[in-house]
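Every letter in the sequence shown is one number past the one before it in numbering that gives the first Met the number 0, and letter 355, counting from 1, is 354.
Everything on this sheet refers to the single structure shown next.
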Amino acid sequence: MKAKFGIHWFRQDLRIENNPSLISLSEKVQQVIPIYIFDTNQRIGSVSKWWLEKSISSLSLNISKHGGKLNIFMGQPEKIISSIIKEEKFDLFSWNRLYDPYSINRDTKIKSLISTAKIECESHNGYLLNEPWNIKNKSGSFFKVFTPYWRNCDQVIKSNKLKKNNVKICFAKIKINKEINIEELNLTTNNKKWLKKIEKNWHPGEINAQKKLKLYILDKANNYSNGRDRPDKDFTSKLSPHLHFGEISPFQVYHDIQNDKKINILNKNKFLAELGWRDFSYNLLYHYPTMISKPIQNKFNKFPWIKNNKHLNLWQKGITGIPIVDAGMRQLYKTGWMHNRVRMIVGSFLTKNLLLHWKHGEEWFFDTLVDADVGSNSAGWQWISGCGADASPYFRIFNPILQGQKFDPNGDYVREFVPELKKIPTKYIHNPWQMPLIDQETYKFKIGENYPSPVVDLKETRERALSAFKTIN
Ligand SMILES: Cc1cc2nc3c(=O)[nH]c(=O)nc-3n(C[C@H](O)[C@H](O)[C@H](O)COP(=O)(O)OP(=O)(O)OC[C@H]3O[C@@H](n4cnc5c(N)ncnc54)[C@H](O)[C@@H]3O)c2cc1C
């Protein structure tokens, strides 16, 4: 005989399909009471707040279509769950696991609180393909380098089956004391004008995530291997915010791509490996829990970073005078997303040419990205600034002119986000300061007037970065 009620605590798993905790609860209890707690102590960026509000609205609607009610709370989960334990009758409490140090610490305390109340508490993996403690090298330690890590993961994933909703999920229509409306979370009261612009580009929610994956497989997945590095094309999936908020299961993405007969093996493998980087980031964060704020390689604690608010501000606003950098930073502010290749270019420029601490970049991205994620973002910044575990070597300093010419060869990406350069001939689109005066006159464009001169000299700052690097070696 099934117990009557169990509680599922939604966190970064804002979906009903392929949700291991919901599936497991439904096998054990007659009705699932769904709750969401906006944890006021957890770090969240401005744009993520906007996405979260839309995503919870959509989940709440979906649950009501299934005959249930999502109970929303705001505050400290420990206190809220303690009061739910006192007031409601239920036999089981369940969630899908998270892997950042703040969540691990919080969830450990909550697990013990629930067990003390003699209520069964379980947790599941609904967020990653492989949990960080599962993948070990021959000596029993964790991997610090992606390629061997992924080789090992891939074997494990292939042998795992996608958990599907084979049981009917019956949501309870119970209203718990002190639950609130989504609007009361006040997630989007600030920055309304800015968020309106971002809104045009995205459709949060589980149903939209499913549609996006289907369309991606149908239309674009076969261009991934060749096209994924081109910011002027639209060949990546843009699934990252949906994956971050758990609106779609990474297992489903993996299996749907893997099992599609029309996608060729090259594109499949490249895409799945990129999905693997998401897991790898959490593998690193789990084993280096301080990596959100501290370099994995200790020697970078002594690195002579420069303090320069003026340069940081120009970088954030996308007015550095380096077209591909400015295009990326403006794409980010306008749409809440930036192409992966350009994330690397702007990251290299910030930490190597401007010599500003990678943490400034991490924080700005975290506030402005729709896919802001503690794991992938800190791993991305440590990688590009050279201080991570499997990092791009510090001395590999991207030349933004050559990067632009290679990955945005016609300048379409720059022209889209830096309209001041719209009429500049392709030959100078990535280096307008090198355009002869006579051409500047022809095109009615004056460097320093219509568009800024470069904020720093690329050659000199490259040399400066290499010298700074020598001081810690
Ligand atoms: C400095 C820096 C910061 C970054 N910050 C974030 C972040 O906060 N959140 C985030 O999700 N990604 C981050 N990335 C990784 C990557 O840029 C994005 O995941 C990718 O651009 C998302 O676009 P997409 O969904 O079209 O990717 P696709 O190319 O379609 O890839 C499919 C999925 O694989 C995962 N993925 C792809 N590349 C990476 C990668 N290098 N690292 C981790 N996961 C990856 C994402 O979940 C992505 O949705 C960062 C990269 C850098 C260099």
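All C-beta atoms, glycine included, are put in the ideal place defined by N, C-alpha and C.
With ligand 1 as the reference, list in chain order each residue whose Cβ lies under 6 Å from any of its heavy atoms. Those satisfying the condition are, in chain order, Arg-227, Thr-235, Ser-236, Lys-237, Leu-238, Ser-239, Leu-242, His-243, Glu-273, Leu-274, Trp-276, Arg-277, Ser-280, Asn-339, Arg-342, Met-343, Gly-346, Phe-364, Leu-368, Asp-370, Ala-371, Asp-372, Ser-375, Asn-376, Gly-379, Trp-380 and Ile-383.
Which residues share a DSSP beta bridge with Ala-220? Partner(s): none; Ala-220 has no beta bridge.
Hey, how far is the Cα of Phe-348 from the Cα of Pro-399? When rounded, the distance between both Cα atoms is 8 Å.
As assigned by DSSP and simplified to three states, the class of Gly-280: Looking at the sequence itself, residue 280 is Ser, so the reference to Gly does not match. Three-state result, Ser-280: helix.
Tell me whether the beta-carbon of Ser-375 lies closer than 8 Å to the beta-carbon of Glu-361. The answer is no: Cβ separation not under 8 Å.
Go ahead and pull the three-state DSSP assignment for Lys-518. The structure shown does not extend to residue 518, since the chain is modelled only from 0 to 472, so the question has no answer here.
Taking the continuous beta strand (DSSP E) assigned at His-7, which residues delimit it? It spans 2-9 - the beta strand (DSSP E) in which His-7 sits, taken as one unbroken run.
Please name the residue, chosen from Glu-119, Lys-351 and Lys-78, that lies closest to Ile-6 on a Cα-to-Cα basis. The shortest CA-to-CA distance from Ile-6 to any of Glu-119, Lys-351 and Lys-78 is the one to Glu-119.
Proximity of Gln-257 and Leu-242 at Cβ, strictly below 8 Å: Going by C-beta atoms, Gln-257 is not nearer than 8 Å to Leu-242.
Straight-line CA distance for Asp-288 to Pro-249? First, the residue type needs correcting, since residue 288 is Pro and not Asp in the sequence shown. Distance between the alpha carbons of Pro-288 and Pro-249: 23 Å.
Using the DSSP secondary-structure output, state which residues sit across from His-123 in a beta bridge. Answer is Asn-95.
Length at least 4, wholly inside the segment 431-461: the alpha helix (DSSP H) runs in chain order: Correct list: 436-441.
Looking at the unbroken beta strand (DSSP E) that takes in Ile-36, where does it start and where does it end? From DSSP, the beta strand (DSSP E) with Ile-36 extends over 28-38.
Cβ-based burial, Ala-116 [other Cβ within 10 Å; buried from 16]: By the neighbour-count rule (16 or more Cβ atoms within 10 Å), Ala-116 is not buried but exposed.
Measure the C-alpha to C-alpha separation of Asp-218 and Ala-467 and round it to an integer number of angstroms. Each residue's alpha carbon lies about 46 Å from the other.
Considering Met-337, what are the terminal residues of the beta strand (DSSP E) in which it resides? That residue, Met-337, is in no beta strand (DSSP E); it is neither H nor E in DSSP.
Neighbourhood of Ile-32 by C-beta distance below 6 Å, restricted to the same chain and skipping five residues each side: The beta carbon of Ile-32 sits closer than 6 Å to those of Phe-4, Ile-6, Ala-171 and Ile-173, all from its chain and outside the five residues before and after it, given in chain order.
Distance check for Ile-179 and Ile-109, CA to CA, integer angstroms please. Roughly 21 Å separates the two Cα atoms.
Residue closest to Ser-239, alpha-carbon to alpha-carbon, out of Ile-113, Phe-92, Leu-457 and Trp-50: Among Ile-113, Phe-92, Leu-457 and Trp-50, the Cα nearest to that of Ser-239 is on Trp-50.
Nearest to Ser-63 by alpha carbon, out of Ile-43, Glu-87, Ile-321 and Ile-15? Closest option to Ser-63, Cα to Cα, is Ile-15.
What residues in its chain sit with their C-beta under 8 Å from that of Ile-181, if we drop five residues either side in the sequence? Residues of the same chain with a CB within less than 8 Å of the CB of Ile-181, apart from the 5 flanking positions on each side, are Glu-52, Ile-55, Ser-56, Ser-59 and Ile-71 in chain order.
C-beta contact flag for Ile-323 and His-202 at 8 Å: No, Cβ-Cβ distance for Ile-323 and His-202 is not below 8 Å.
If Phe-397 sits next to Met-343, beta carbons under 8 Å apart, how far is it from one beta carbon to the other, in whole angstroms? The pair is a contact, with the Cβ atoms about 7 Å apart (cut-off 8 Å).
Here's a check: name, in chain order, each residue in its chain whose Cβ is nearer than 8 Å to the Cβ of Gly-44, leaving out the five neighbours to either side. Cβ-Cβ distances below 8 Å link Gly-44 to Phe-365, Asp-366, Thr-367, Leu-368 and Ala-371 in the same chain, with the five nearest sequence neighbours on each side left out; the list follows chain order.
Should Gly-139 go down as buried or exposed, given a rule of 16 or more other Cβ atoms within 10 Å for buried? With fewer than 16 other Cβ atoms from the protein chains shown falling within 10 Å of its own Cβ, Gly-139 counts as exposed.
Whole-number beta carbon distance between Leu-313 and Val-454, since they are thought to touch under 8 Å: The beta carbons of Val-454 and Leu-313 sit about 6 Å from each other, so the pair counts as a contact at 8 Å.
Could you tell me the boundaries of the alpha helix (DSSP H) in which Phe-234 lies? Following the DSSP letters along the chain, one finds Phe-234 in no alpha helix (DSSP H), marked with neither H nor E.
Under 8 Å between the Cβ atoms of Tyr-253 and Leu-128? The answer is yes: Cβ separation under 8 Å.
First through last residue of the beta strand (DSSP E) which encompasses Ile-71: Taken as a continuous stretch (DSSP letters only), the beta strand (DSSP E) holding Ile-71 covers 70-74.
So who's on the other strand from Leu-355, going by DSSP bridges? DSSP output for Leu-355 lists Ile-305 as bridge partner(s).
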